[in-house]
Amino acid sequence: MGGEEPGRASSGPHRPADLLPRPSLVALPGPVVAPGANVSLRCAGRLPGMSFALYRVGLAAPLQYRDSALRWADFPLLGARAPGTYSCYYHTPSAPYVLSPRSEPLVVSSDDSSSLDYTQGNLIRLGLAGLVLASLGVLVVLDCCSRSSVLDQALP
1 MGGEEPGRAS SGPHRPADLL PRPSLVALPG PVVAPGANVS LRCAGRLPGM SFALYRVGLA
61 APLQYRDSAL RWADFPLLGA RAPGTYSCYY HTPSAPYVLS PRSEPLVVSS DDSSSLDYTQ
121 GNLIRLGLAG LVLASLGVLV VLDCCSRSSV LDQALP
């Protein structure tokens, strides 16, 4: 029977990955953040009552810690500081601490399409203003030409 007595649990060490599976990390409402908007990153494990840590790539220490009675913890981020790459892990809340592996990286990016919309709208307005100015210029030139021809005919 493999050297174990029936009814006894194995006394061998367990790998943390066997005990705490890799968490998932998602952005709420989504990974693309509008300028000035806030986003929450949700780190979710499989067991309730864990402690969670959020990491940002480039920083050695965790960005935020959360203890949660649920199977997940939400980490709020301000929109201006949100863009970046994040990961998280969770662990048992007391000793002996058992850690999960880190989540897959999550990239949070800024939505610059709204500023692109303003730029495109401004270009259209500039084009229309240029067209109006060119039309007025043509009208002024035509008016000057017609006045000079009328004056030429009026002179003996």
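With UniProt numbering as the guide, the letters of the sequence shown map in order to residues 1 to 156.
A virtual CB, placed ideally from N, CA and C, is assigned to each residue, including glycine.
Identity of the residues DSSP links to residue i by a beta bridge
i    : result
L25  : C43
C145 : Paired residues: none, contrary to the question.
L99  : H91
L54  : Q64 and C88
L106 : Y86
For residue j and residue i, the rounded distance between their alpha carbons
i    : j    : result
A53  : Y65  : 5 Å
A82  : V33  : 8 Å
A129 : L78  : 39 Å
S110 : L131 : 35 Å
G84  : P101 : 20 Å
L139 : R147 : 12 Å
P62  : R56  : 7 Å
A27  : L59  : 19 Å
R43  : L123 : The sequence given here places Cys at residue 43; Arg does not occur at that position. Cα to Cα, the separation comes out at about 43 Å.
V39  : V98  : 29 Å
R125 : S103 : 47 Å
C144 : G137 : 11 Å
P29  : G127 : 37 Å
DSSP-derived helix/strand/coil call for residue i
i    : result
R125 : helix
V140 : helix
L84  : The question names Leu, yet the displayed sequence has Gly at residue 84. Residue state, collapsed to three classes: strand.
A134 : helix
C78  : According to the sequence shown, residue 78 is Leu rather than Cys. In this structure, L78 counts as coil in the three-state DSSP scheme.
L70  : coil
L19  : helix
Close-in-space but distant-in-sequence residues of the same chain around residue i (CB under 8 Å, 5 per side omitted)
i   : result
G49 : S68, A69 and P93
G45 : L20, P21, P23, F52, R71, W72, Y90 and S100
Chain-order list of residues whose beta-carbon lies under 7 Å from that of residue i (same chain, five-residue window excluded)
i           : result
A37         : G79
residue 161 : Because the chain spans 1 through 156 in this model, residue 161 falls outside it and cannot be assessed.
Integer Cβ distance of residue i from residue j, believed to fall under 8 Å
i    : j    : result
S87  : P105 : 5 Å
L25  : L47  : Not quite, the Cβ-Cβ distance comes to about 16 Å (not below 8 Å), so this is no contact.
V108 : P31  : 5 Å
CB contact check: residue i to chain D, cutoff 8 Å
i   : result
L19 : No chain D appears in this structure, which consists of one protein chain only.
Cutoff 6 Å; reference residue i; Cβ partners in own chain excluding five residues on either side
i    : result
D74  : S40 and R42
S135 : none
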